[in-house]
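As structure tokens, the structure follows; a few thoughts come after it.
There are 2 protein chains.
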Amino acid sequence: MNINIRKAVQSDCPAMLELIKELAIYEKEPEAVTVTLDHFEESGFGEQQVWWAYVAEISNPNEFDLPEALYLPTGKAIIGFALYYIRYSTWKGQRLYLEDLLITEKMRGKGLGKLLFDQLIVECKEKKYSGMAWQVLDWNEPAINFYKKYEGLNMSDEWLNCMINF
Amino acid sequence: MNINIRKAVQSDCPAMLELIKELAIYEKEPEAVTVTLDHFEESGFGEQQVWWAYVAEISNPNEFDLPEALYLPTGKAIIGFALYYIRYSTWKGQRLYLEDLLITEKMRGKGLGKLLFDQLIVECKEKKYSGMAWQVLDWNEPAINFYKKYEGLNMSDEWLNCMINF
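Going down the list, the sequences are from chains F and C.
Numbering-wise, the working numbering puts 40 at position 40 of the first sequence, and it's gapless, one number per residue.
Numbering-wise, the working numbering puts 1013 at position 13 of the second sequence, and it's gapless, one number per residue.
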């Protein structure tokens, strides 16, 4: 397995959106993904950038029988990503907010999520963010156990998420 | 009471930071506010803007015995604000994330929070955000009841907040 963790570029977007849809299907909510490729690209690489990401790129995808849609024109493939934006805490200043950490089903359990997560910690330190934040579903034990290995983790169940869709 | 709800400008920052500190003292965590005025201004009005806000400005602050620190050079005063950033949902696209909705203690209970909150809904529609999201502490009944008046509200206790400070 030849894995390269690197910053996402615009040509990664179609494969990334495939991974997003794969997860939504797995979670039985395929119709919940309403974002379009155009809007996804514009938000990540347009004039006002609102998301950033690292991707996990594999150079020998044929050996793993991966979906065609994950292939790049180079013959390599995107098998996962960590997508984040910058949140602003009025107490702590700029923080990295990890929105999605995602590995394609066939490639799970190989430590790739950890490679991406560790890269985000490096990013935080380089950019001098005051911290890193994310959310996890309270029933998602494997994910909770994964995060618990990190020193300094603070996990809170005190907050309710509120949302209005337009 | 002469209230004007308008977009925050850089010269509002000292008063806004005062309001942030006032709330932290009220919550018995004054030392938790580590953000500096410089960093706060840079994040809101620098080259890479990461927060936006609306302020509630009062033109007759003398009548309410408000702290000096909330006054602007114009003689008006900032008595509250709603600060937000843009979050990116990989399912729904760009959304407004309300980080802080805050009214100085003496001016609460007068409907000013609602003025700010309603302005954010207008902002979402103008900017074509797919929704608006925020969090509320699960024991904060007055706030929860306030939000419940809004049509289409979705409130979820399924998520844990995770954080690592650097």
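We treat Cβ as the ideally placed atom computed from N, Cα and C, and that holds for glycine.
The DSSP-derived three-state label of F/E126 is helix.
Contact annotation: C/I1005 and C/L1096 have beta-carbon atoms that are not nearer than 8 Å. Cβ proximity to chain F below 9 Å picks out Y1147, Y1150, E1151, G1152, L1153, N1154, M1155, S1156, D1157, E1158, W1159, L1160, N1161 from the stretch 1145-1161 of chain C. Inter-segment contact for the stretch 7-18 of chain F and the stretch 38-46 of chain F is present: three or more beta-carbon pairs are separated by less than 8 Å. By the rule that beta-carbons nearer than 8 Å mark a contact, F/T104 does not touch chain C. Per DSSP, reduced to three states, the secondary structure at C/A1008 is coil, with no helix or strand assignment. Taking the beta carbon of F/D100 as reference, the chain C residues within 8 Å of it are T1090, listed in sequence order.
If you look at F/L137, you'll find it in the beta strand (DSSP E) that goes 131-137. Our two residues, C/F1064 and C/K1106, have alpha carbons roughly 8 Å apart in a direct line. Taken in chain order, the members of the stretch 116-145 of chain F whose beta-carbon sits within less than 8 Å of a beta-carbon on chain C are I121, C124, K125, Y129, S130, G131, M132, A133, W134, Q135, V136, L137, D138, W139, I144. Listed along chain F are Y88, T90, each with a C-beta nearer than 8 Å to that of C/L1083. In terms of Cβ geometry, F/A143 and F/L70 do not form a close pair [threshold 8 Å].
The Cβ of F/A56 sits no closer than 8 Å to any Cβ of chain C. Residues Q1094, R1095, L1096 of the same chain have their beta carbon placed closer than 7 Å to that of C/Y1129, with the five preceding and five following residues left out of the count. Only exposed fits C/I1025, as fewer than 16 other CB atoms lie within 10 angstroms of its CB. In terms of Cβ geometry, F/L83 and F/A53 form a close pair [threshold 8 Å].
Using a CB distance below 7 Å, the part of the stretch 31-62 of chain F facing chain C consists of A32, V33, T34, V35, H39, S43, V50, W51, ordered along the chain. By the Cβ-count criterion, C/D1138 is exposed, with fewer than 16 other Cβ atoms from all chains shown falling within 10 Å of its own Cβ.
Rounded to the nearest angstrom, the gap between the Cα atoms of C/I1164 and F/L120 is 12 Å.
When C-alpha distances from C/L1101 are compared across C/L1112, C/W1091, C/K1092, the shortest belongs to C/L1112.
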